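Protein chains in written order, with the numbering used here: chain A, 22 to 293; chain B, 22 to 293.
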């Protein structure tokens, strides 16, 4: 583990940092292969957009890139986590004039998911914990993650991921993944205008699917649409594409669309 | 400023603490007068309830009390802030088995609100930032505070507080206060079942109002109900009771009910 805090190697931050006090910041997690973070430009676009939406002054991209290269150097694979908070200020929600942003750039261990998750697929469940709608933070990868944590804590043994619904019954995403379903030959993924995180891998799937002659639509998806679907898969920047083998008692094949998408995303993911 | 981190004087926490990584924790802020935190039992009830809802192992109350007395000793007035996070664990929303909670107990400076806020009242505005509904975290004072921060950042010069509505047009609370309105002799405060923080001072007002022969009701309150109201006031543990003098262009008198409530809350608040 190697972490730079505002450019200096470190392991601790001020207890008064607004990241700790209020979750006042954004983050990115990138897959690292052969010393290089993958999909850098896409992650940076979301990162700078998030910082702008929260009104936090972002560092220059070149600075982040140099720090990322410094921590990733020599790593055959790993996870690059970049965080930006509004920094240290006095108590109270209003940021003080003295607050200067805190950035952390760290290389963390590669998660040890079984290789079979990608080849054979995963078991998934529906979570009871709802994801809120009309969220001003929709789309952003921000530091307020309690809904996802509570949903994640529901997972039964043997379940690799849980799906989160909003109070209208729309399924939005997994706790740490975006959701895709294949229904009568069309690839569908939930609309994230009012909740959720617009995943970098999700964006890339949506861009590349048309070249495979796969019809693709961003839309509202309910639980019954998922249970009726022909194929289901999950994405994020670390896992790439996981076929879903089972949701509760419904079983799915790892179908041809999922395999095509896995194949075309190979350059953007880290091999197991 | 005097802070104990897991019982030891300190100023920094691990960058891997889940409080910093995800806002995974709860907090309390108590007024301190003459070396003593006010309304300790009520704050502790909410604190332990919040920890339980998040599944975080809380420390013994006696230990917190001793630490609180240690940091508050000799302070004529101040703010006691107690935080509890799920502690340090590896990356990912699932808490690792190694996570041991982090507690911080700190004395922070008394906020320098003008004394006229309590005597003459404050100017308030409606915020555009919505507060989400159907929030599994409703009622808790948790560390995911981005909605409140974004709302707070909207405040115009001269506005001491902003009111937050949900997407159905119900006004839930201020960014850092609970809301009361007096309408045809009845005291009303918003229902917090689906959003908001159940303030300790709010609870005490609801308990004490009946003894003053003031009818009291927890209910849905919309913007028009507030603009039609006879009196409006705001509460929290630090400010006590602030009359609202103006919301946008509507002016209010600091009416008799507000004055009665201020008077009966005097023992529970810190004098300016």
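Beta carbons: idealized from backbone N, C-alpha and C, even for Gly. All values reported here derive from a predicted model rather than from experimental measurement.
Task: residue 98 of chain B to residue 113 of chain A span [Cα, whole Å] - done: Rounded to whole angstroms, residue 98 of chain B to residue 113 of chain A spans 17 Å at the Cα level.
- [ ] Jot down the residue ranges of each uninterrupted alpha helix (DSSP H) in the stretch 87 to 147 of chain A, minimum 4 residues, whole runs only, in chain order.
- [x] Within the stretch 87 to 147 of chain A, the alpha helix (DSSP H) runs of at least 4 residues that lie entirely inside it are, in chain order, 137 to 140.
Task: Expected contact under 8 Å - CB spacing of residue 192 of chain A and residue 212 of chain A to nearest Å - done: About 11 Å; that fails the 8 Å criterion.
- [ ] Could you name the residues of the same chain whose beta carbon sits closer than 6 Å to that of residue 152 of chain B, not counting the 5 residues immediately before and after it, in chain order?
- [x] If we look at residue 152 of chain B and ignore the five residues flanking it on each side, its Cβ neighbours are 168, 185, 187, 193 and 216.
Task: Among A:110, A:132 and A:105, nearest to residue 117 of chain B - alpha-carbon criterion - done: When each option's Cα is compared against that of residue 117 of chain B, the closest is A:132.
- [ ] To the nearest angstrom, report how far apart residue 81 of chain A and residue 108 of chain B are at their CA atoms.
- [x] Here the alpha carbon of residue 81 of chain A sits roughly 31 Å from the alpha carbon of residue 108 of chain B.
Open item on the list: Let me see if you follow: with CB-CB separation under 8 Å, is residue 211 of chain A close to chain B or not?
Closed with: Not closer than 8 Å to any Cβ of chain B, the Cβ of residue 211 of chain A fails to qualify, so no.
Task: According to DSSP, residues forming a beta bridge with residue 228 of chain B - done: Answer is none; residue 228 of chain B lacks a bridge partner.
TODO: Return helix, strand or coil for residue 257 of chain B, following the three-state DSSP convention.
DONE: In this structure, residue 257 of chain B counts as strand in the three-state DSSP scheme.
Open item on the list: To the nearest angstrom, how far is the alpha carbon of residue 78 of chain B from that of residue 29 of chain A?
Closed with: Each residue's Cα considered, the two are about 33 Å apart.
TODO: Just the C-alpha distance for residue 83 of chain B and residue 259 of chain A, rounded to the nearest angstrom, thanks.
DONE: Put simply, the backbone Cα of residue 83 of chain B is about 44 Å away from that of residue 259 of chain A.
- [ ] Tell me whether residue 22 of chain A sits in a helix, a strand or coil according to DSSP, three-state version.
- [x] Taken through DSSP and simplified to helix, strand or coil, residue 22 of chain A comes out as coil.
Task: Under 8 Å between C-beta atoms of residue 266 of chain B and residue 95 of chain B - done: No, the Cβ-Cβ distance between residue 266 of chain B and residue 95 of chain B is not below 8 Å.
Task: Contacts of residue 32 of chain B in chain A (Cβ-Cβ under 7 Å) - done: Against chain A, a Cβ distance below 7 Å from residue 32 of chain B picks out 35 and 36.
Task: Buried versus exposed, by CB contacts within 10 Å (16 or more), residue 255 of chain A - done: Looking at its Cβ environment, which holds 16 or more other Cβ atoms inside 10 Å, residue 255 of chain A is buried.
TODO: Note down, in chain order, all residues in the stretch 75 to 88 of chain B with a beta-carbon under 8 Å from any beta-carbon belonging to chain A.
DONE: Going along the stretch 75 to 88 of chain B in chain order, one finds 75 and 76 with a Cβ nearer than 8 Å to chain A.
TODO: To the nearest angstrom, report how far apart residue 60 of chain B and residue 106 of chain A are at their CA atoms.
DONE: Cα-Cα distance, rounded: 32 Å.
TODO: Report yes or no: do the stretch 63 to 76 of chain B and the stretch 271 to 282 of chain A share at least 3 C-beta pairs separated by less than 8 Å?
DONE: No: fewer than three Cβ pairs fall under 8 Å.
Task: Sequence-distant residues of its chain with Cβ nearer than 8 Å to residue 204 of chain B (five each side left out) - done: Result list for residue 204 of chain B: 246, 249, 250 and 251, in chain order.
TODO: Taking residue 186 of chain B as part of the beta strand (DSSP E), name the residues at either end of that continuous run.
DONE: Residues 182 to 186.
TODO: Pull up the DSSP beta-bridge partners for residue 209 of chain B, would you.
DONE: DSSP output for residue 209 of chain B lists B:202 and B:238 as bridge partner(s).
- [ ] Say whether chain A places a C-beta atom closer than 8 Å to the C-beta of residue 163 of chain B.
- [x] Yes, its Cβ sits closer than 8 Å to a Cβ of chain A.
- [ ] Verify the CB distance criterion: does residue 66 of chain B have a CB-CB separation below 8 Å to chain A?
- [x] Residue 66 of chain B has a beta carbon lying at 8 Å or more from every beta carbon in chain A.
Open item on the list: Please list the terminal residues of the continuous beta strand (DSSP E) segment that includes residue 34 of chain B.
Closed with: Under the DSSP assignment, residue 34 of chain B falls in the beta strand (DSSP E) whose first and last residues are 33 to 35.
Task: Interface flag, residue 133 of chain B vs chain A, CB-CB below 8 Å - done: No, its Cβ sits nowhere closer than 8 Å to a Cβ of chain A.
TODO: Check each residue of the stretch 159 to 192 of chain B: if its Cβ is closer than 7 Å to any Cβ of chain C, include it; give the result in chain order.
DONE: No chain C appears in the structure shown, which is made up of the protein chains A and B.
Open item on the list: With the cut-off set at 8 Å, would you say residue 228 of chain A and residue 36 of chain B are in Cβ contact?
Closed with: Not closer than 8 Å, so no.
Task: residue 295 of chain B versus residue 220 of chain B - alpha carbon distance - done: What the structure shows of chain B is the stretch from 22 to 293, and residue 295 of chain B is not part of that stretch, so it cannot be assessed.
TODO: Would you mind working out which of A:27, A:91, A:149 and A:225 sits nearest residue 318 of chain A, comparing C-alpha positions?
DONE: Residue 318 of chain A falls outside the range modelled here, since chain A spans only 22 to 293, and no answer is possible.
- [ ] Report all residues from its chain with a CB closer than 6 Å to the CB of residue 171 of chain B; omit the five preceding and five following residues, and keep chain order.
- [x] Excluding residues within five positions, the ones whose Cβ falls inside 6 Å are 150.
Task: Cα-Cα separation, residue 111 of chain A to residue 200 of chain A - done: Take the alpha-carbon of residue 111 of chain A and the one of residue 200 of chain A: they are about 40 Å apart.
Open item on the list: Does residue 136 of chain B pass the burial test, meaning 16 or more other C-beta atoms within 10 Å, or should it be called exposed?
Closed with: The residue in question, residue 136 of chain B, is exposed, as its Cβ has fewer than 16 Cβ neighbours within 10 Å.
Task: Start and end residues, alpha helix (DSSP H) containing residue 282 of chain B - done: Per DSSP, residue 282 of chain B belongs to the alpha helix (DSSP H) from 277 to 285.
Open item on the list: In the DSSP assignment, the alpha helix (DSSP H) including residue 195 of chain B goes from what residue to what residue?
Closed with: Under the DSSP assignment, residue 195 of chain B falls outside any alpha helix (DSSP H), being part of the beta strand (DSSP E) whose first and last residues are 192 to 195.
TODO: Would you verify that the beta carbon of residue 71 of chain B is, or is not, closer than 8 Å to some beta carbon of chain A?
DONE: No - not a single Cβ of chain A is within 8 Å of the one on residue 71 of chain B.
Open item on the list: Tell me the rounded alpha-carbon separation between residue 207 of chain A and residue 22 of chain B.
Closed with: If you draw a straight line from the Cα of residue 207 of chain A to the Cα of residue 22 of chain B, it is about 59 Å long.
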